[in-house]
Amino acid sequence: SIGAAMALKDGPAKYGLYNWSDEPINISTYIGAIQRHMLAYQDGEDVAEDSGVDHLGHVAACCALLMDSKAHGSLIDDRYVGSASDLIKDYNS
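Take a look at the structure:
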């Protein structure tokens, strides 16, 4: 999407060109970013103040970086292993 492309264009200015592929990345870093952008979007903010890019574009870009890093073997899986998925299943049943 155009929003994801704009977010991917914004990233190098902040973090360096191909920063996610130069060094391994932590899943938790991108989950945190996804959650922050989704919460801002849920609160009615469409565009991130710092970048001028749509929050959903940032979410899509974060997901793309996670998938790319995983495909290249440079993803550090530091996810907390808990019962959240079980709680969601119970809630939805």
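To convert, take the position in the sequence shown, counting from 1, and add 1013; that gives this note's numbering.
Beta carbons: idealized from backbone N, C-alpha and C, even for Gly.
Keep in mind it's a predicted model, so treat the numbers as computed, not measured.
Judged by DSSP in its simplified three-state form, V1094 adopts coil rather than helix or strand.
Note on geometry: alpha-carbon atoms of G1016 and R1049 lie some 16 Å from one another. Scanning its chain for C-beta atoms nearer than 8 Å, with the 5 sequence neighbours on each side dropped, one finds around V1060 the residues V1066, D1067 and H1068, in chain order.
Straight-line measurement puts the Cα of D1081 at about 9 Å from the Cα of L1088. Taking C-beta separations shorter than 6 Å and ignoring five residues to either side along the sequence, the partners of A1020 in its chain run V1066, G1070, H1071 and A1074, following chain order. I1038 and L1078 do touch by the CB rule: their CB atoms are close to 7 Å apart, below 8 Å. The Cβ atoms of I1047 and D1091 lie no closer than 8 Å to each other.
By the beta-carbon neighbour count (other beta carbons within 10 angstroms, threshold 16), Y1104 is exposed.
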